[in-house]
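K.L.:
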Amino acid sequence: MAAHRAEEPIYVTRPSLPPLEAYAERLETAWSARWLTNRGALHEELEAKLAKRLDAPYLSLFCNGTIALLTALKAADIHDGEIITTPFTFPATVHALHWNGVRPVFADIDPATSNLDPAAVERLITPATRAILAVHVYGQPCDVDAFDSIAKRHGLVVMYDAAHTFGVALRGKPAAAYGDYSVLSFHATKLYTTGEGGALISQSAAQHERIGFLRNFGIANEEEVIGAGINGKMSEFHAALGLLQLETVDQEIASRRAISKRYRELLSGIPGITLHAIGEDVYHNGAYFPIRIDAGLYGLDRNQLYDALKPFNIHTRKYFYPLCSHYPGYCELPSAAPACLPVAERVAEEILCLPIFGSLEMDRVESICTLLRALPKAIA
Ligand SMILES: *Cc1c(COP(=O)(O)O)cnc(C)c1O
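The working numbering numbers the first residue of the sequence shown as 195 and each following residue consecutively.
(1) For I272, report the span of its beta strand (DSSP E) as first-last.
(2) Do the region 223-234 and the region 423-438 meet, that is, are 3 or more Cβ pairs less than 8 Å apart?
(3) Using 10 angstroms around the beta-carbon of V419, count the other beta-carbons present and answer buried if the total reaches 16, otherwise exposed.
(4) By the three-class DSSP mapping on this structure, what secondary structure does D302 have?
(5) Using the Cα positions of L546 and I467, report the straight-line distance between them to the nearest angstrom.
(6) In this structure, does DSSP put R365 in helix, strand or coil?
(7) Less than 8 Å between CB atoms is the rule here; does E202 satisfy it with respect to chain B?
(8) From the DSSP output, read off the bridge partner residues of P484.
(9) Figure out for me which residue from P209, P203 and R220 has the closest Cα to the Cα of L437.
(10) Hey, is G392 close to ligand 1, as in C-beta under 7 Å from one of its heavy atoms?
(11) May I ask which residues mark the beginning and end of the beta strand (DSSP E) holding L394?
(12) Compute the beta-carbon to beta-carbon distance between H237 and A433, rounded to the nearest angstrom, for a pair I have assumed lies under 8 Å.
(13) When burial is assigned at 16 or more other CB atoms within 10 Å of the CB, is D302 buried or exposed?
(14) Buried or exposed: H273, going by 16 or more other Cβ atoms within 10 Å of its Cβ?
(15) In its own chain, which residues sit with a C-beta less than 7 Å from the C-beta of L143, not counting the 5 before and 5 after it?
(16) Classify E276: buried if its beta carbon has 16 or more other beta carbons within 10 angstroms, exposed otherwise.
(17) What are the residues that DSSP puts in a beta bridge with M353?
(18) Can you tell me where the beta strand (DSSP E) holding F256 begins and where it ends?
(19) Just to check my reading of the structure: L378 and G259 have Cβ atoms closer than 8 Å, yes? What is that Cβ distance to the nearest angstrom?
(20) Sorry if obvious, but does the Cβ on V329 come closer than 7 Å to a heavy atom of ligand 1?
(21) Pull up the distance between the alpha-carbon of L565 and that of A370, whole angstroms please.
(22) Taking the alpha carbon of G423 as the point to measure from, which residue in F506, Y354, E403 and E441 has its own alpha carbon closest?
(23) Give me the Cα-Cα distance between R496 and E543, rounded to the nearest whole angstrom.
(24) Does the Cβ-Cβ distance between V338 and A345 come in under 8 Å?
(25) Could you tell me how far apart the beta carbons of L435 and T388 are, in whole angstroms, since I believe they sit closer than 8 Å?
(26) Give, in chain order, every unbroken run of the beta strand (DSSP E) that is at least 3 residues long and sits entirely within the region 390-469.
(27) For S553, is the beta carbon positioned less than 7 Å from some heavy atom of ligand 1?
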């Protein structure tokens, strides 16, 4: 088994980057204009190109996805009441509600996709409910039709945390373009990255204009502030990287899809390992490669497998464990009771995300799979 030990640590992800000289070249515009932020030329170019790429009616760049989420709530004028969301997500999703004075209400998830379950959402709607905030977990789109119809019937806003969806299409349309508001993250761990960065997609020119003001302290012009805005601007340094990344992102997605396919071939049929379902109407981006471990069938539980891979220099991640409903400040909420969230509780105990990134060599993928097959016997 020692033969499987990777020389260099293999982490769950690794950003692909352009040559440093190309980055310096891209920054020339900003340098010569001495224009570093506040809708510089690179920012405007990236905003337009991303709107086109993501088929977004309106897109606003942000300094990160979390501030974009906070601003989405402000744009929708939601600052009290309840929003129904998932416990199976990154902390930012739920914190964005708390920071806007909104009480999160946790609904359970669908065991096949790990996305928010529309039927569970509908059962939790009360007169205090203002919106649904769903997450396209691992880039797998939510049941957008069901959320649309629930929202219409109850007069709610639909927001998506689309942080994982760059390059994903549902029925040929970019997944990030669904919903009243949709938020992307371009953090270093995401498949399309600007280092730190994000975007908020909205549906009308009026909303877009308001988001532009909110992103810049609420400043509408030199003498007018429209409300409590924030500093959510993306700088020219990040936009320059974003423009270069846009040129190679399709290659990155293609490599990840090939790695995903290989993982699927090699891991199917291992007792106790379940692969995540991807819908037939979905073009996936390979942003993550989650597996679920049934300890009874596999022979090791998720935590034992996570620990057992480390000595081989394979560093997986327990996305998303613990559930947001377990954090201090949220765990006291009635909807956070583990008995109310049986699927999420189980998935959080079983989930493990394997390394996936464009430059991960196929023989590494193969040796990770060999390990996954051999470890239960080796340890038993
Ligand atoms: C990364 C991520 C965020 C946060 O985005 P930042 O750009 O890091 O602020 C929000 N939600 C989900 C699901 C994420 O994975």
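From the three backbone atoms N, C-alpha and C, an ideal C-beta is built for every residue, glycine too.
A quick note: this is a predicted structure, and the numbers were derived from the prediction, not measured.
P.N.:
Inspection of the coordinates gives the following:
(1) First-last for I272: undefined, no H or E at that position.
(2) Taking one beta carbon from each stretch, the region 223-234 and the region 423-438 have 3 or more pairs nearer than 8 Å; the two touch.
(3) Around the C-beta of V419, fewer than 16 other C-beta atoms lie within 10 Å, and the residue is accordingly described as exposed.
(4) DSSP places D302 in coil when its eight states are reduced to three.
(5) Approximately 10 Å between the Cα atoms of the pair.
(6) In the three-state reduction of the DSSP assignment, R365 falls in the coil class, being assigned neither a helical nor a strand state.
(7) Absence of chain B from the displayed structure is noted, only one protein chain being present.
(8) Beta-bridge pairing links P484 to C547.
(9) That would be R220, whose Cα lies nearest to the Cα of L437.
(10) Yes, since a heavy atom of ligand 1 falls inside the 7 Å radius drawn around the Cβ of G392.
(11) First-last of the beta strand (DSSP E) with L394: G392 to S396.
(12) Contact holds; Cβ gap of about 4 Å.
(13) D302 counts as buried, since at least 16 other C-beta atoms from the protein chains shown sit within 10 angstroms of its C-beta.
(14) Counting Cβ neighbours within 10 Å, H273 comes out exposed, since fewer than 16 surround it.
(15) For the chain, the structure presents residues 195 to 574; residue 143 sits outside this window and is missing.
(16) By the Cβ-count criterion, E276 is buried, with 16 or more other Cβ atoms from all chains shown falling within 10 Å of its own Cβ.
(17) Listed as beta-bridge partners of M353 by DSSP are L327 and Y375.
(18) Judged by DSSP secondary structure, F256 falls within the beta strand (DSSP E) whose first and last residues are Y252 to F256.
(19) Yes, they are in contact, since the Cβ atoms of L378 and G259 sit about 6 Å apart, within 8 Å.
(20) In this structure, V329 has its beta carbon less than 7 Å from a heavy atom of ligand 1.
(21) Rounded to the nearest angstrom, the gap between the Cα atoms of L565 and A370 is 35 Å.
(22) Looking at the Cα atoms, E403 is the closest of the given residues.
(23) Cα to Cα, R496 sits roughly 7 Å from E543.
(24) Against a cut-off of 8 Å, the Cβ pair of A345 and V338 comes out as no contact.
(25) The beta carbons of L435 and T388 sit about 5 Å from each other, so the pair counts as a contact at 8 Å.
(26) The region 390-469 contains these whole beta strand (DSSP E) runs: 392-396, 413-415 and 467-469.
(27) No; taking the cut-off as 7 Å, the Cβ of S553 has no heavy atom of ligand 1 nearer than that.
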